[in-house]
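Chemist: One structure, pasted below without further comment.
Protein chains: 2
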Amino acid sequence: MIQANDPARPPLRVSCIQFEPEFGAVAKNLARASDLVRAAAREGSRLVVLPELASTGYVFETPEEAAALAEPVPDGPTTRAWGDLAAELGIHIVAGIAEQAGDALYNAALITGPDGFIGTYRKAHLWYRENLFFRKGDLGFPVFDTALGRIGIAICYDGWFPETFRRLALAGAEIVCIPTNWVPMPDQPAGEAAMANTLHRAAAHSNGIFIACADRVGVERGQPFEGQSLIIGPKGWTLAGPASREAPETISAVIDLAEAGAKDLNEFNSVLGDRRTDLYA
Amino acid sequence: MIQANDPARPPLRVSCIQFEPEFGAVAKNLARASDLVRAAAREGSRLVVLPELASTGYVFETPEEAAALAEPVPDGPTTRAWGDLAAELGIHIVAGIAEQAGDALYNAALITGPDGFIGTYRKAHLWYRENLFFRKGDLGFPVFDTALGRIGIAICYDGWFPETFRRLALAGAEIVCIPTNWVPMPDQPAGEAAMANTLHRAAAHSNGIFIACADRVGVERGQPFEGQSLIIGPKGWTLAGPASREAPETISAVIDLAEAGAKDLNEFNSVLGDRRTDLYA
């Protein structure tokens, strides 16, 4: 396990790839996204986050359609493709994927590194018609010990639940990677920034963690997406982004994950230590 | 108990009084704040929120100084003054107060209405040197059934803990009143809006509740305060404010508390109903 405040850890360049997947065009999406990941790696990024369901697109119409595009993880071609790319570039990749596990489908994300596949997260909170296609995640909120640091993953609507970030922070996550497909919220006033940006800045601040959100853009089968990908520091201030609402864009920040080990706000207060565990879990 | 979606409940005008208490000048602060409450009531407000420690000021230097300014609740002169004002105007008032209870001091807030004293909340999460003067709140997170609706209270640093709002929302709060004395946060970039605004907008959205924050302004014994009081709707969008950073200002909004009963985001999703209680408490 990597220790927080390890002086041996050099600064880490993180990138979030905001792009527009084409529904069902898996090979094309992998090729396009791989080009963008390569470009980020050339600039020095060693952790690259891709959107939710980055390889398949999002708006399934039937369970059959979802099943036809889902793949086993890690023993499927898309996971192998990300794994090969991560190994070739010597980086870590977090990418959303439609996972097939026996009869079950999950809205999942994988993490893979220079030395191979690391793990899977399955979305715990399903949004809207996802409930027709996917099962609720059954892996809890794992934190992956990697050569870069302790990495958690959450997907889109998971971020609406403060418990997601609390569980990950209490389990030692230094950064939470968010593959997402944010959509406009009910009653959203015209021109308002994405509510998701507010939710994730609050979560970063309240837990003293980095959060890196990679959203998609475009309109798919009538569903618009919000873009506005961003990278947030452990005091809740935005380090990169928000990206534009509509255009593909890669955002990057150079961060020191050890800063997520400093939960103190002053000599009396700590965002985790001050929790009233006598009043709530 | 008032029922959510009760058609008999007329729209409710809520005001937050942002002003500058003078340290130790209790009579003067009560007089000044009462003038501002009367003005809000004349405009039709029936729920008025005042800052944390509104009558005493905030920056105590010694426990003896805090003890000298603290009062019993409800059997003290400040509580009686707020009660008399609420009865005279036919409104509800929520105000921060330094509470003396036997040997113990609490950073507390009271709620009082046209028919008399309703209840007390004691701040659960103490900020910075408050830990030298006050005990941690021991009343949990009560929700008060009132003629207006179901009202919760939290004070300043309580709002840094998502659990505060989750407990209140799960207990049926429709609006949470926040008497506060926000201070700048560590590493706050110049010109950034108060982190507290982000935290409370996220909390309102994630819980489907109204939140009304009454902050103070000014610099007291070297400590600057943030102002930027605001009233937030149950989808997280700002209804009034943020007020200025430095000037006294009353902000108001006309709201329908029944909207806090609608936790649904669409036909599949509910901000409380989607909680994965198999994964967290």
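Chains as they are written, first to last, in UniProt numbering: chain A, 1 to 281; chain B, 1 to 281. Note that CB positions come from ideal geometry on N, CA and C, so glycine has one too.
1) Please report whether the beta-carbon of B:F161 lies at a distance below 8 Å from any beta-carbon of chain A.
2) Note the first and the last residue of the continuous alpha helix (DSSP H) segment covering B:D278.
3) In chain A, which residues lie with their C-beta within 8 Å of the C-beta of B:S206?
4) Exposed or buried, which one is A:D215 when buried takes at least 16 other CB atoms within 10 Å?
5) For a test of the three-state rule: what should DSSP assign to A:P112, helix, strand or coil?
6) Anything in chain B within Cβ reach of A:D84, meaning under 7 Å, just list it in chain order.
7) Taking the Cβ atom as the reference point for each residue, do A:A71 and A:P63 lie within a distance shorter than 8 Å?
8) Please compile the residues from chain B whose C-beta is within a distance smaller than 8 Å of the C-beta of A:N269.
9) Answer with buried or exposed for B:D158, where buried requires no fewer than 16 other C-beta atoms within 10 angstroms of its C-beta.
10) Report the residues of the segment 181 to 196 of chain B with a CB closer than 8 Å to any CB of chain A, ordered along the chain.
11) Check whether the segment 238 to 256 of chain B touches the segment 92 to 112 of chain A, counting contact only when three or more Cβ pairs, one atom from each stretch, lie closer than 8 Å.
12) B:D75 lies in the alpha helix (DSSP H); which residues open and close that run?
13) Closest to B:A154 by C-alpha separation, out of B:R135, B:T146, B:R46 and B:T120, would be which residue?
14) Rounded to the nearest angstrom, what separates B:V14 and B:N207 at their Cα positions?
15) Using a Cβ-Cβ distance under 8 Å, would B:L170 count as near chain A?
16) Between the alpha carbons of B:M185 and A:V217, how many angstroms are there, rounded?
17) Taking the alpha helix (DSSP H) that B:S206 belongs to, which residues open and close that run?
18) Check the Cβ-Cβ distances between B:K235 and every residue of chain A, and say whether any is below 8 Å.
19) With A:L12 as the anchor, note down where its beta strand (DSSP E) starts and where it stops.
20) Taking Cβ-Cβ distances shorter than 7 Å, what residues in chain B pair up with A:D274?
21) By how many angstroms is the C-alpha of B:V26 removed from the C-alpha of A:F141?
22) Should the segment 197 to 213 of chain A be regarded as contacting the segment 172 to 179 of chain A, the criterion being three or more beta carbon pairs within less than 8 Å?
23) Go to B:D145, then tell me how far its beta strand (DSSP E) extends in each direction, as first and last residue.
Modeler: On the basis of the supplied data:
1) yes
2) Where B:D278 is concerned, there is no enclosing alpha helix (DSSP H), given that its DSSP letter is neither H nor E.
3) W160, F161, P162 and L199
4) buried
5) At residue 112 of chain A the sequence reads Thr, which differs from the Pro that was named. Three-state DSSP puts A:T112 in a strand.
6) Under the 7 Å cutoff, chain B gives no residues; its nearest Cβ is about 33 Å from A:D84.
7) Checking the sequence shown, residue 71 of chain A turns out to be Glu, not Ala. Not a contact, by the Cβ cut-off of 8 Å.
8) W127, Y128 and Y157
9) buried
10) M185, P186, D187, Q188, P189, E192 and M195
11) no
12) B:D75 -> no alpha helix (DSSP H), and no H or E assigned at all.
13) B:T120
14) 19 Å
15) no
16) 33 Å
17) M195 to N207
18) yes
19) L12 to Q18
20) H125
21) 50 Å
22) yes
23) V143 to D145
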